[in-house]
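Colleague: Residue 217 is where the sequence shown starts when you use our numbering, and the numbers rise one by one after that.
All residues carry an ideal CB built from backbone N, CA and C; glycine is no exception.
Can you read through this structure? Questions will come right after.
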Amino acid sequence: MPIRIGVALAITLLLVPTLTYYPTPIQEITALGIAVMRELVIGLGMGFVVSIVFNAIYVAGQLIDVPMGFGMVSVLDPNIGIQVPIVAQFLNIFATLMFFAIGGPRIVILVLGKSFQLVPLGPGPVSSAIASVGLEAFIKMFLIGVTLSLPAVAALLLTDIALGILARVVPQINVFIVGFPLKIGVGLLILALGMPVYIWALAGLFASDGVIWTYVERFLRSFL
């Protein structure tokens with residue numbers, strides 16, 4: 217927590233000299249409270265929209281873990297403080313590395329600076345459109361998760377179908393014993409072969425003109 221506070225303070229000190237709009241002093245405590253709450257809503261909303269990609273990674277990992285047989289295998293994620301599936305943790309670490317590799321922190325700081333240009337400091341209107349943008353971002357999280365997990369889920373489904381056919385053709389084979397290691401091997405193979413696709417997909421999501429920043433801009437424009 218002290219490190220997070222320090223980073224937030226450092227980013228604040230970096231952005232203050234770039235502000236071109238300084239509001240007139242607020243004389244009333246009510247107006248000051250409204251302005252603070254408005255800035256809080258903007259900050260929390262931007263954070264939620266930015267986190268949709270990482271939450272989508274958890275969704276994709278959960279969808280892959282269950283058919284692979286890793287549904288009961290979980291590890292502690294220190295970022296959110298709960299147990300998450302092991303494949304979800306792996307994909308989340310991979311996405312975090314991709315985020316830093318393409319300059320994600322720099323884009324975040326640029327977007328923060330741009331947010332003060334789109335939505336000036338001080339009291340102002342709050343549109344009901346922020347709820348619809350947040351809902352769309354929440355839906356997009358599941359769409360991204362399903363899309364990222366689709367190759368592995370499809371391969372595991374075909375494996376289940378093949379095992380079912382094998383069980384009917386050769387009843388002497390115990391498909392339950394054969395199926396568990398086979399499905400784990402197929403899942404890991406698909407994940408390994410799909411790494412270039414994941415890199416391409418995550419790079420497109422984290423890019424400066426990607427989906428995530430499009431929703432951030434739409435969220436900010438809802439305050440105009």
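Compare the C-alpha of Ala-368 against each of Pro-218, Pro-336 and Leu-404 and name the closest.
Modeller: Checking every option, the nearest Cα to that of Ala-368 belongs to Leu-404.
Colleague: Please say whether Leu-229 and Phe-332 have beta carbons closer to each other than 8 Å?
Modeller: Going by C-beta atoms, Phe-332 is not nearer than 8 Å to Leu-229.
Colleague: Could you have a look at Pro-387 and say whether DSSP puts it in helix, strand or coil?
Modeller: It is coil, neither helix nor strand.
Colleague: By Cβ distance, which residues of its chain are closer than 7 Å to Leu-446, with the 5 residues on each side in sequence left out?
Modeller: Outside the displayed span of the chain (217 to 440) sits residue 446, for which this structure offers no information.
Colleague: Let me confirm a value: Ile-355 is counted as buried when at least 16 other C-beta atoms fall within 10 Å, else exposed. Which label applies?
Modeller: Exposed.
Colleague: Is it the case that the Cβ atoms of Ala-371 and Val-402 are separated by a distance below 8 Å?
Modeller: In this structure, Val-402 lies closer than 8 Å to Ala-371 by Cβ.
Colleague: Looking at the structure shown, is Pro-412 part of a helix, part of a strand, or coil, going by DSSP?
Modeller: Note: Pro-412 maps to helix in three-state DSSP.
Colleague: Looking only at C-alpha atoms, which of Pro-397, Leu-225 and Gln-388 sits nearest to Thr-375?
Modeller: Residue Pro-397 is the option with its Cα nearest to Thr-375.
Colleague: If we call anything under 8 Å between Cβ atoms a contact, is Gln-278 one with Ala-317?
Modeller: Taking 8 Å as the Cβ cut-off, Gln-278 and Ala-317 do not qualify as a contacting pair.
Colleague: Run through DSSP, which three-state label would Pro-336 get?
Modeller: Here Pro-336 sits in coil by DSSP.
Colleague: Would you please state the rounded distance, in angstroms, between the beta carbons of Tyr-414 and Leu-364? I believe it to be under 8 Å.
Modeller: 7 Å between Cβ atoms; contact.
Colleague: Apart from the five residues on each side of it in sequence, which residues of its chain come closer than 8 Å, Cβ to Cβ, to Asn-410?
Modeller: In the sequence as presented, Asn is not what sits at residue 410; that position holds Gly. For Gly-410, where only same-chain residues beyond five positions count, the Cβ hits under 8 Å are Pro-367 and Ala-368.
Colleague: How should Ser-348 be labelled, buried or exposed, when 16 other C-beta atoms within 10 angstroms of its C-beta is the threshold for buried?
Modeller: Classification of Ser-348: exposed, given that the 10 Å Cβ count is below 16.
Colleague: Alpha carbon to alpha carbon, how far is Ala-272 from Leu-373?
Modeller: Going by the C-alpha atoms only, they are around 21 Å apart.
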